[in-house]
Amino acid sequence: MRFAVSAQKDFIGPMRLAPAIILALFPYVYLQAKEEVSAWNRKVPRGPDDLLEIQERMQSLLPKVRKALVSIESNGGAGSGIIVSKDGLVLTAAHVIGSSGKTMSVRLPNGKRLPAVSLGGSEISDGGMLKITKSGSWPFVEMAPRGSASIGDWCFGLGHPGGFDKERGIVIRIGRVIAKKEETMRTDSRLLGGDSGGPLFDFEGRVIGIHSRISKEPDENYHVPIESFRANWDFFKDGKLFTMEQLSKGGFLGVACEEREEGIFVTEALDSTPAKTAGLKSDDLIVSIDGERIETTEELIILIGSKKPGMEIKLEYRREDKSLSSKIKLGERPKRSQR
Numbered sequence: 008m009r010f011a012v013s014a015q016k017d018f019i020g021p022m023r024l025a026p027a028i029i030l031a032l033f034p035y036v037y038l039q040a041k042e043e044v045s046a047w048n049r050k051v052p053r054g055p056d057d058l059l060e061i062q063e064r065m066q067s068l069l070p071k072v073r074k075a076l077v078s079i080e081s082n083g084g085a086g087s088g089i090i091v092s093k094d095g096l097v098l099t100a101a102h103v104i105g106s107s108g109k110t111m112s113v114r115l116p117n118g119k120r121l122p123a124v125s126l127g128g129s130e131i132s133d134g135g136m137l138k139i140t141k142s143g144s145w146p147f148v149e150m151a152p153r154g155s156a157s158i159g160d161w162c163f164g165l166g167h168p169g170g171f172d173k174e175r176g177i178v179i180r181i182g183r184v185i186a187k188k189e190e191t192m193r194t195d196s197r198l199l200g201g202d203s204g205g206p207l208f209d210f211e212g213r214v215i216g217i218h219s220r221i222s223k224e225p226d227e228n229y230h231v232p233i234e235s236f237r238a239n240w241d242f243f244k245d246g247k248l249f250t251m252e253q254l255s256k257g258g259f260l261g262v263a264c265e266e267r268e269e270g271i272f273v274t275e276a277l278d279s280t281p282a283k284t285a286g287l288k289s290d291d292l293i294v295s296i297d298g299e300r301i302e303t304t305e306e307l308i309i310l311i312g313s314k315k316p317g318m319e320i321k322l323e324y325r326r327e328d329k330s331l332s333s334k335i336k337l338g339e340r341p342k343r344s345q346r
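Written as C-alpha cells, this is what we have:
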C-alpha cells in the first residue's frame, strides 16, 4: 500500500507548541546547557581543543599567582614559598625553614630580596610557615577551602628548581591529583630539587598544597595539603615547630583513627593502652581534648605528642547520639606509635 502526502496541503504555517509541551521540554534544554563544563573540570580531555583550553586557563591565572611566589634562602640552601597574606605570611615546607625563629630572606620574582623569619611547622606533614619582616603590602594568593581538591583534578605547580634564576624565571608544571590522604597529596605535576615549599594551585588560582618531596617516578610528587595548614594555623603562626623527636618523647593515647567528612573517628582502641582503659570504642567520634577541638588526625597527633606521659587529659567524644567525656592519663609512647 502506498501513501501520498501533499506538502502543500499539509503545511499549516509556523509550528506552535502547546504551553504544556514547552514546559516539559524546558528542563531538558536547561540540563543540556548545564552539562557543558570547562575542560579542566572534565576527568578526561575530549581532544586537542580541551587541552588548549586547559593551557589557556592556566596562562590566564599566571599573571596574578606568580607575583606571590618567593625563593627562600638561608645558610646557602634554597627553597620556594608562596605569600598568602597582605602582611607577608609565607607557606613553605618544614624542611625548608628547619627551625623556628631563624633569620631568612626571600626573593620576589623581580629579584628583590626581603628579610624574613621562620615561624612554626610540623615534621609530620612537612608544612612550614615564615613571615616577611619588612612592613608593606605584599602580593598574595587565596588558599583553597577545606576539601576542595579531589582525585583527578587538574592542578599546576610553581617553583624555583635549583634556586632563584631571574633569566630563566619561574618554572611551571601541570598535572593532576593522583591520590590524597590526611597528611599528604600525590600528583604527577613534576617536582625538582629547589621546588620544595612551592605552591600547588587548582584551576581557580587557589593554593591546594605545598611541595614537599619528590621521587624518581614522574607520578610520585608529594605535597602538603592546604587542610593541614588550616588545621594548624595558630600553631604555626605562634612559632611552634613540632618535630619527630618531640613526638617520640610525647604522651600516648593508643587509638587508630580514620578521618571522615564528619570528623576523626576511632577505628580501634589498642589493647593495654590508656584509650582501651578509658573505654573508647570503634566509631567513637573524637570532638576535643582539654577543650581544644580536633578536626584532623594531624591535630590529634600534635596535641597528644605535645603532652608528657603521665599527664591527664579530658577527652570529649560522641558515641552514636550521645555526648561523652573521659579523663585519661596518657602513657609512654612505644616505638613506631603516633597517637
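Position one of the sequence shown corresponds to residue 8 (this note's numbering), numbered consecutively onward.
Don't be surprised by glycine CBs; every beta carbon is placed ideally from N, CA and C.
- Task: Could you spell out where the alpha helix (DSSP H) holding S255 opens and where it closes?
- Result: Start and end: 251-256.
- Message: Alpha carbons only, please: which of L307, M111, R53, I221 is nearest the one belonging to A263?
- Response: For A263, the closest alpha carbon among the candidates L307, M111, R53, I221 is that of L307.
- So what does A347 bridge to, in DSSP terms? A question about residue 347 goes unanswered here, because the residues of the chain that appear run from 8 up to 346.
- Task: Please determine, among I181, G270, E190, V124, the residue with the shortest C-alpha to C-alpha distance to Q62.
- Result: Here the closest residue by C-alpha is I181.
- Run the CB neighbour count on R340, radius 10 Å, all protein chains shown included, and call it buried at 16 or more, exposed below. R340 counts as buried, since at least 16 other C-beta atoms from the protein chains shown sit within 10 angstroms of its C-beta.
- Query: In its own chain, which residues sit with a C-beta less than 6 Å from the C-beta of D297, not counting the 5 before and 5 after it?
  - Reply: In its chain, beyond the 5 residues on either side, I320, K321 have a beta carbon closer than 6 Å to the beta carbon of D297.
- Task: Give the DSSP-derived three-state secondary structure of R6 in the structure shown.
- Result: Examination of residue 6 is not possible in this model, given that the chain is present from 8 through 346 alone.
- Query: What is the DSSP secondary structure of G95, counted as helix, strand or coil?
  - Reply: G95: coil per DSSP, three-state reduction.
- Cβ-based burial, V44 [other Cβ within 10 Å; buried from 16]: Here V44 is exposed. Its C-beta has fewer than 16 other C-beta atoms within 10 Å.
- Query: Going by the beta-carbon positions, is the gap between L126 and V113 smaller than 7 Å?
  - Reply: Not closer than 7 Å, so no.
- Query: According to DSSP, what are the bridge partners of G134?
  - Reply: According to DSSP, residue pairing for G134 in a beta bridge involves A100, S129.
- Rounded to whole angstroms, how far is the Cβ of L337 from the Cβ of L260, which I believe are closer than 8 Å? Sure, about 6 Å apart at Cβ, within 8 Å.
- Query: beta strand (DSSP E) containing W240: first to last residue?
  - Reply: Per DSSP, W240 is not a residue of any beta strand (DSSP E); the alpha helix (DSSP H) it occupies stretches across 240-244.
- With 16 other CB atoms within 10 Å as the buried threshold, where does T280 fall? With 16 or more Cβ atoms within 10 Å of its Cβ, T280 is classed as buried.
- Residues that DSSP places opposite S295 in a beta bridge: Beta bridge pairing from DSSP links S295 with R300, E323.
- Measure from the alpha carbon of G258 to the alpha carbon of each residue in P206, E266, K314, L287, then state which is nearest. Looking only at P206, E266, K314, L287, the smallest Cα-Cα distance to G258 is reached by K314.
- Are the region 225-233 and the region 264-272 touching, with three or more C-beta to C-beta distances below 8 Å? Pairwise C-beta distances place the region 225-233 out of contact with the region 264-272, as fewer than three of them are shorter than 8 Å.
- Item | Where T110 sits in the DSSP three-state scheme | Collapsing the DSSP output to three states places T110 in a strand.
- Task: Would you mind working out which of I293, R325, A282, R326 sits nearest I335, comparing C-alpha positions?
- Result: Of the candidates I293, R325, A282, R326, the one whose C-alpha sits nearest the C-alpha of I335 is A282.
- Message: Restricting to Cα atoms, I'd like to know which of L69, S333, S332, L58 is closest to S209.
- Response: First, the amino acid is wrong: residue 209 is Asp here, not Ser. If we check each option's Cα against that of D209, L69 comes out closest.
- Message: Need the endpoints of the beta strand (DSSP E) that R180 sits in, please.
- Response: Following the DSSP letters along the chain, one finds R180 inside the beta strand (DSSP E) bounded by residues 178-187.
- In whole angstroms, what is the alpha-carbon distance linking L331 and S157? Each residue's alpha carbon lies about 33 Å from the other.
- Task: Using a threshold of 7 Å, state whether the C-beta atoms of S219 and D133 are closer than that.
- Result: Taking 7 Å as the Cβ cut-off, S219 and D133 qualify as a contacting pair.
- Query: Distance, Cα to Cα, T274 vs W47?
  - Reply: Looking at the two C-alpha atoms, the distance is approximately 36 Å.
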